[in-house]
Every structure is written in C-alpha cells, then in structure tokens.
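Numbering (our numbering), first residue to last: 5 to 283.
Okay, structure coming up:
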C-alpha cells in the first residue's frame, strides 16, 4: 500500500487536498489584510493583528496536516517552498505583534506596546539554529533572495520605531515595560474565511454503442461468419461491424478511449468528493 501511495500523483490524494485547503485559506486571508492596508486612513490595528495571527495558524496547520496525512508526498515538495512557508509563518507572527503594538500605543498602553514591538523585532531576525525562533536563513542562490530588500526595510522600520517609542516613554510616559506581552493582552487569532464544500453535479452517463448501431441497441462482439453475411443487407439496414473490424477502426478506438476517459474522470472525482466529505 505504501509503495502504491508513493507512486500516485500527490494532487489525487485526500490527505494532500485536506492540507492544501489550509494553505489556500491562508492566502485568501493575506489578501484581506492587504485590502485593509490599501484603504486610506488609520487601519484597525487590532483586527490586523488577529488576522495576521490567523494566517500563521493556517500555515502551521497546513504543515502539520501534510506531515500527518500525506507524509509520503512531503519529499516531492520543492525545499524552497517549505522554506517559504516557514518564512511566512514567522513573518506573520512578527506582523501580528507589530500590529498589536500599534494598537496598544494608540490606546495609551505604552509599556506593553514597546514589549510587543520588541518581540516583533526578535521574530523578524534570522534564526541561529534550525529549530530556534526567527526566520529561516535564505541562501544566496535561493529564489527567495527577492524577499531580502523588503525584509531589510521591515527590520529597519521596527528598529526605528522601537527606538522612538522607548525614547518617548523614557521622557514623557514613564510606563513600565514588561519583558514580554502579558497573556491578557496576547492576540487571539481570527480565521475569517470558512471552507465551502464543493459538490459535483450528478449526471446520467453517456450512452455507449458501436458505430452503425441504432440508439438503445447494444452491439454484439460475435465475429461475422462469412463474407456474404458481412455484406448482406437486412430489412432494417446494415449489420453492425464485427468486433475485429470495429477494433481495427482508428476513429472508433478514439471514440471509445474518449468515452472511457470521461467516465473514469467522473468516477475518480466522485470518490475523491466522498472521501473529502467524510473527513
């Protein structure tokens, strides 16, 4: 069974589909965040913090689901793609803390806001160990190098903002800065979108018959016994072709292959839908 599972196409497996739905939901929520940021005026930073945290949760669920339900196909994924997913999880956690800090600063909770920005800065650093906190290292030959300029600008912005807020708090507000964001101020992730079940339309199968056979009739594979009989004309029309004649007919074979391919696709799609709906 394991060997058969490894040889099958990854996109046809239920476990892969269940995992991929979390990736797609994360991408959709990222678009929602981008829409909010594109609008003029001050955005709802508290909402953005929850949405960004929800994106990170969806991406983490994608990875855990893939490992638990389709581990055989993990090796088929481009390593750069997995690095990108790890990068996105950590950058979304950093953005969540950044938006939280912005929200707390506007609410006058200056000390906790500084702690949130400090944590966002740590989350945006390159990790020193494979399992440590922070972003994965991007190799010089990796296609992810295109993200480096934006990442550098984001880190500079965090450092500048943190320095400015610490100075204002030291000279004006005098709020105590906790070592980390308190539990009662932590972000609660929001998953804005919900998965919609897809249902295939149930249709009757196409009628199948050999060329030259009338509607509702099924041809017989019996061979024609004699040349005279094969050329004979009945009162209802020409006799159907023999099995050998039909199989030697190129256009007929193409017709049969097309019908069988459509029927096979329909059966596989229904089986996949039943498995997805049963999960």
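Note that beta-carbon positions come from the ideal geometry of N, C-alpha and C, so glycine has one too. For clarity, every value in this text was computed on a predicted model and none was experimentally measured.
- DSSP places residue 154 inside the alpha helix (DSSP H), whose first and last residues are 152 to 172.
- DSSP, reduced to helix, strand and coil, places residue 204 outside both helices and strands of the structure shown, so it counts as coil.
- Listed as beta-bridge partners of residue 135 by DSSP are no residues whatsoever.
- Closest by C-alpha distance to residue 139, out of 145, 207, 41 and 130, is 130.
- Look at residue 125 here: in three-state DSSP terms it is helix.
- When the beta-carbon positions are compared, residue 110 and residue 63 stay at least 7 Å from each other.
- Here residue 32 is exposed, its C-beta having fewer than 16 other C-beta atoms within 10 Å.
- Beyond the five residues adjoining it in sequence on each side, residue 166 comes within less than 8 Å, by CB distance, of 118, 121, 122 and 125 in the same chain, given in chain order.
- With a cutoff of 7 Å on beta-carbon distance, residue 97 and residue 127 are scored as near each other.
- Spatial neighbours of residue 78 in its own chain (CB-CB distance under 7 Å, excluding positions within 5 residues in sequence) are listed in chain order as 70 and 71.
- Just measuring C-alpha positions, the residue of 181, 106 and 44 sitting nearest residue 161 is 106.
- In the three-state DSSP reduction, residue 90 falls in the helix class (H, G or I).
- Under the three-state reduction of DSSP, residue 68 is assigned to helix.
- Residue 130 carries a strand assignment under DSSP once its states are collapsed to helix, strand and coil.
- Residue environment: residue 61 is assigned as buried (16 or more neighbouring CB atoms within 10 Å of its CB, all protein chains considered).
- Assigned with DSSP and collapsed to three states, residue 187 falls in helix.
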